[in-house]
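Numbering of the sequence shown is given in the numbering used here, commencing with residue 82 and proceeding in unit increments. By construction, the Cβ of each residue, glycine as well, lies at the ideal position given by its N, Cα and C atoms.
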Amino acid sequence: SSVKGELPVGRDVEIEWDLESTPLEIRTDSVLGSDDEVKVYFYSAGGEIAGAVWLHFTSTPQYYLGWCMAHSLANFPVKLPSTAADKVWRITLTRTAGVRLVIHCNEVEVLNTVLSESTCSYPYWSKNWNRDVTKIEFQASDTASDYYGTQLQLPEEDTSEEGDENEQGD
Numbered sequence: 082s083s084v085k086g087e088l089p090v091g092r093d094v095e096i097e098w099d100l101e102s103t104p105l106e107i108r109t110d111s112v113l114g115s116d117d118e119v120k121v122y123f124y125s126a127g128g129e130i131a132g133a134v135w136l137h138f139t140s141t142p143q144y145y146l147g148w149c150m151a152h153s154l155a156n157f158p159v160k161l162p163s164t165a166a167d168k169v170w171r172i173t174l175t176r177t178a179g180v181r182l183v184i185h186c187n188e189v190e191v192l193n194t195v196l197s198e199s200t201c202s203y204p205y206w207s208k209n210w211n212r213d214v215t216k217i218e219f220q221a222s223d224t225a226s227d228y229y230g231t232q233l234q235l236p237e238e239d240t241s242e243e244g245d246e247n248e249q250g251d
């Protein structure tokens, strides 16, 4: 079942999510330099770890692929498209030619990597990342994720027409 629109992020609860058929979108409003983090873990139907993605809002934003990168975060290969706090991140996992993880920020591709012996220093990366992801979980230590779902929209700039209505007095 596909989730349309946005749902508030709960922590430490497993959420049914088929990551290969439905890219995961996460909305954040954390500013760079806040040290906030997105921490989402992927699980198989049997509850086994199938990978993880962390996004770290350091002054230079960084990412971490759990059960692939050993211990250290990495800078994104490109600049984020916006310095504004409001961001929609999309995490896409495909396995048509190897395990490929793509991350978009506000519709701009900021990471596109094929997991391999050369990109993953964690020894059992292949076993974990080749499991079918059926569930996701935002960790208790996730301080950045506000909403998740599909086809998320950035918040509208406040250009509402409420002021006009008030001027239609008798």
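Counted as a single uninterrupted DSSP element, the beta strand (DSSP E) harbouring Trp135 occupies residues 130-137. The segment 144-154 and the segment 206-216 touch, with three or more beta-carbon pairs separated by less than 8 Å. Within a 10 Å sphere around the beta-carbon of Arg92 sit fewer than 16 other beta-carbons, which makes this residue exposed. Counting along the chain, Trp170 sits inside the beta strand (DSSP E) bounded by residues 168-175.
Excluding residues up to 5 positions away in sequence, Glu95, Ile96, Glu97, Trp98, Tyr124 lie with their Cβ nearer than 7 Å to the Cβ of Lys216 in the same chain.
In terms of Cα proximity to Phe157, the closest of Cys186, Lys168, Ala221 is Cys186. In this structure, Leu88 and Tyr229 form a Cβ contact; the two beta carbons are roughly 6 Å apart against a cut-off of 8 Å. In this structure Pro104 is in contact with Arg171, their Cβ atoms being roughly 5 Å apart against a cut-off of 8 Å.
Spanning the alpha carbons of Val183 and Asn193 requires a straight line of approximately 4 Å.
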